[in-house]
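Trainee: Attaching a single structure in structure tokens format; questions to follow.
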Amino acid sequence: MSDFDAIDSLLDAVGPEAELPPCQVRRELRERARLSKAQVARALGVSPSTLSGWESGRDPAGEVRVKYAYLLDGLNAKLATETENTAELAEEQPIASDATAAAVTSTSSPEAGQDEEELLALPEPCVLCGRPARQRVAGFAQHLDSSDCQATPADTLKPSPTAPSVQVQEPRTARSPRPAGRKGAAPRGRAFQEPSGPADSIHEAVHSALAEHQGDVEAASAALLKRAIPDAMRLLDETRKGARYDVIAHPWIPDILKKQTAKGADQIWEARPKWTRPELPPGKYEVTALDINGAYLSALKTHLPLGQLEHSTGFAHDRRRAGVHLITPPAWEHDAVLPNPIGQRDEPGPLWVTEPTLRLLLRLSGPKHGLCEPPQIHESYTSGATENLLEKFRIALKDARDTAIADGDGLTLEYVKAMYSKFVSTMGESNYNRELYRPDWMHIIRSQAFANLWMKALKAHDASLTVVRAMGTDELHVIGDWRRVFPEGRSVTEVKVKDTYTAGTDAGTGQEQ
Amino acid sequence: MPEKNIDFGKFGASGIKGSEAVARQLDQLAAHIATPVTARRGLMARLHYLTTSDRAWQAAKDAGLTVSDRTLKAWMQGTRRPSKANLERIDAAYRAVRRRNVARHLTARLNREGRGTRVEIHPLDQSGVARQLQRVVAHRTMNVRRWDKIVGSWAAGDHQGLDDAWTADVLPDLGSQWGQYEYVKNIGFAA
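Protein chains in written order, with the numbering used here: chain A, 1 to 513; chain B, 1001 to 1191.
Structure below.
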């Protein structure tokens, strides 16, 4: 018997070479899965330069070719499933794991619970019947539906002589297909999953406020707005559970971040855009005033300094740190078509800007855009930074906001809005929120919102729309067919129309509005 | 106490006494009048605060503001301006009275019915210390449950008492390395 095994495997190896997609596709697949060359090379047991060769024209041969084909196939299937079903999930997660548990008991196969189904781009012969199958379970291509599979269930329980690989496999029955996508909130395989996420506490707060005021929406809304700040702080605490970094709430603050008088401001320039195009091209135009949804909510994703700000001098910018910088801004020559990225500043000379403004300037001075000279950095107060500090907090609020919009729930929407906007505006030196004393974060988040608006203006400009005005955090006026640039809607990635008006003159002598 | 620093700053570390940082934070929480006493607005606000009641005025006298009623009246009407020394006395008296007035409320807020308040301790600044002498001193947080002694001695202006209450009673809860936190960059807590 063992002689025949060896012959069988030899015969198997002689078969046609594994098919590989073209070189660009190989590279694209790896990049879309966010895998580095080194990672993939390590997994395949080759050097990264060999892998570069495969991605730029050469072809692997032999055993490693099969491995590489297997990897690309797997990536292809995984990415296909991810794009297919992103919407369904979360609720189906417990059901799926129940089904898995049932399958484990019925087949008495200990590994069945850990199997992964994959969709194959290139059909492979089913290990049970030998006909082409598009699914792979635990590394074995097979039909999931018994009606597709020619082999009878009785056959599947015995090792099949036609497929040599089945001999190492536990006996199994064909299971009914489960929903294929499973990129839900929690990874599968965990026995106990948290019953409710932070988003639920938002809905609970709204429900309890409504119940307390016997369904009087106005009174409930007033009560909710009153408790928005402590609730936001509680939500922040909840979302930082088990997180890597502590939220440091009371660090030492340099003098430039301290208010100089009770009503005065500190020395930080937030680069708020306040720009109107100096003159329109001649003609009459329909101007659309666009409103960016949840600008501050999106701006919570930014590089925030974690700990105490440390002083440094010099021109270098460290991408892993964030804070405030004293810079001499570069000259801006595109004021006729695009706002100055540092905002409407009247006096020249160096000024203190925050991380998002500096990064925007560095980005614009880079080879891709080349719109200005790089800024000169003189001094910095920075600390090690992360972009993910408020990420869970932001996602929880965004999810609550999306659900509220879908349900037409104005009360929750208002509450969520109060939570994030008050959270940002009181996280500095405010007496309304003493739990958090981070004026640096407040400035950075605001500047991020302004920088986001600026990038939207650039996007419109690059798509040959005429940008007429960029104002505040969320106001962008454009001329032209903006719908092909920005999707319309109410989610944070979309824009909504605030107003449309006509501007310009027929003769091109002046401007009316 | 063997963990106490004997000659702080010998190798270039900089920081302030932990108790002083606590006093600063408490002063910030007490929300003193922001306008300086040298401005007319700030002066009038302080005088009004000190003369709201006989008890307040008595407390101001106890705090060292010993002026006659006639002088006070002249100051309030603006016919005379206090001398520089008296301005300082007014400010000191105002601070003392304000601290005494908010102490009870602040203690209750900080004790939170026995649950206490979370305190962040930011370690001293080692940027002036030679590289080979620098030590890893981490950022620490702790929960302080009993604030009565701390706030009490702060309100009474008793620096030594505050230092004892902080250094001897609170800091040792940090564990065997508490001596590293006798001098700090900042101490933060909310009330």
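Beta carbons: idealized from backbone N, C-alpha and C, even for Gly. Note that the coordinates shown come from a computational prediction; the quantities given were computed from them, not determined experimentally.
1) Could you name the residues of chain A that GLU1120(B) contacts, counting a contact when the two beta carbons are closer than 7 Å?
2) Report the partner residues of ARG321(A) according to the DSSP bridge assignment.
3) Would you mind sorting GLN1177(B) into buried or exposed? The rule is 16 or more other CB atoms within 10 Å of its CB.
4) Under a CB-based cut-off of 8 Å, is PHE1008(B) close to chain A?
5) Please classify GLY1015(B): is it buried, with 16 or more other beta-carbons within 10 angstroms of its beta-carbon, or exposed?
6) Taking CB distances under 8 Å as the criterion, tell me whether GLN260(A) reaches chain B.
7) Could you name the residues that DSSP lists as bridge partners for THR276(A)?
8) Would you kindly work out how many angstroms separate the C-alpha atoms of THR1071(B) and ARG1100(B), rounded to a whole number?
9) Spatial neighbours of TRP252(A) within its chain, please: C-beta separation below 7 Å, excluding the five flanking residues on both sides.
10) Checking contacts by CB at 8 Å: is ASP499(A) closer than that to chain B?
11) Chain B partners of GLY323(A), CB-CB under 7 Å?
12) On the premise that PRO341(A) lies in contact with ALA271(A), defined as a C-beta separation below 8 Å, what is that separation, rounded to the nearest angstrom?
13) I'd like to know whether the C-beta of ARG434(A) is nearer than 8 Å to at least one C-beta of chain B.
14) Taking only beta-carbon atoms, is PHE1011(B) less than 8 Å away from chain A?
15) By a C-beta neighbour count over all protein chains shown, 10 Å radius and 16 as the cutoff for buried, is ASP237(A) buried or exposed?
16) Quickly, what does DSSP pair TYR285(A) with across the bridge? List them, please.
17) Helix, strand or coil, according to DSSP, for ALA249(A) in the structure here?
18) For HIS1032(B) versus ARG1098(B), is the C-beta spacing smaller than 8 Å?
19) Taking the Cβ atom as the reference point for each residue, do ALA199(A) and ALA400(A) lie within a distance shorter than 8 Å?
20) Please identify the residue among ALA1060(B), LYS1010(B), LYS1004(B), GLU1003(B) whose C-alpha is closest to the C-alpha of GLN1134(B).
21) Residues of chain A with CB closer than 9 Å to the CB of LYS1185(B), please, in chain order.
22) Show which residues of chain B have a CB atom less than 7 Å away from the CB atom of TYR381(A).
23) First and last residue of the beta strand (DSSP E) that includes LYS37(A)?
24) Pull up the CB-CB distance for TRP54(A) and PRO60(A), whole angstroms please, since I reckon it's below 8 Å.
25) Can you grab the Cα-Cα spacing for the pair VAL1151(B) / VAL1102(B), in whole Å?
26) Report all residues from its chain with a CB closer than 8 Å to the CB of LYS542(A); omit the five preceding and five following residues, and keep chain order.
27) Just mark SER1019(B) as buried or exposed, buried being the case when its beta carbon has 16 or more other beta carbons within 10 Å.
28) Based on DSSP bridge pairs, tell me the residues matched to LYS496(A).
29) Establish whether the CB of SER1014(B) and some CB of chain A are separated by less than 8 Å.
30) GLY1188(B) touches chain A at which residues, Cβ-Cβ below 8 Å?
31) Once DSSP output is grouped into helix, strand and coil, what is the label at LYS1084(B)?
32) Write down the C-beta distance between ALA1191(B) and ARG1109(B) rounded to the nearest angstrom, noting that I regard them as a contact closer than 8 Å.
33) Using the DSSP secondary-structure output, state which residues sit across from LYS1017(B) in a beta bridge.
34) Could you pull out every residue in the same chain whose Cβ sits closer than 6 Å to the Cβ of PRO110(A), ignoring the five residues on either side in sequence?
35) What residue range does the beta strand (DSSP E) around TRP352(A) cover?
36) What do you reckon, are the CB atoms on LEU339(A) and ALA457(A) nearer than 8 Å?
Mentor: This is what the structure gives:
1) ILE248, ALA249, HIS250
2) GLY384(A)
3) exposed
4) no
5) buried
6) no
7) ARG469(A)
8) 25 Å
9) GLN308
10) no
11) Within chain B, no residue comes near GLY323(A); the closest Cβ sits about 15 Å away, beyond 7 Å.
12) 7 Å
13) yes
14) no
15) exposed
16) ALA503(A)
17) coil
18) yes
19) yes
20) LYS1010(B)
21) PRO251, TRP252, GLN308
22) By Cβ distance, chain B contributes nothing, its closest Cβ being about 13 Å from TYR381(A), past 7 Å.
23) Careful: LYS37(A) lies outside any beta strand (DSSP E), inside the alpha helix (DSSP H) at 37-44.
24) 6 Å
25) 10 Å
26) No answer is possible for residue 542(A): it lies beyond the span of chain A, which begins at 1 and ends at 513.
27) buried
28) ASP291(A)
29) no
30) ALA249, HIS250, PRO251, TYR437
31) helix
32) 4 Å
33) TYR1183(B)
34) Since pLDDT at PRO110(A) reaches only 41, below the 50 mark, its modelled position is unreliable, and no value is offered.
35) 351-354
36) Looking at the sequence provided, one finds Pro at residue 339(A) rather than Leu. The answer is yes: Cβ separation under 8 Å.
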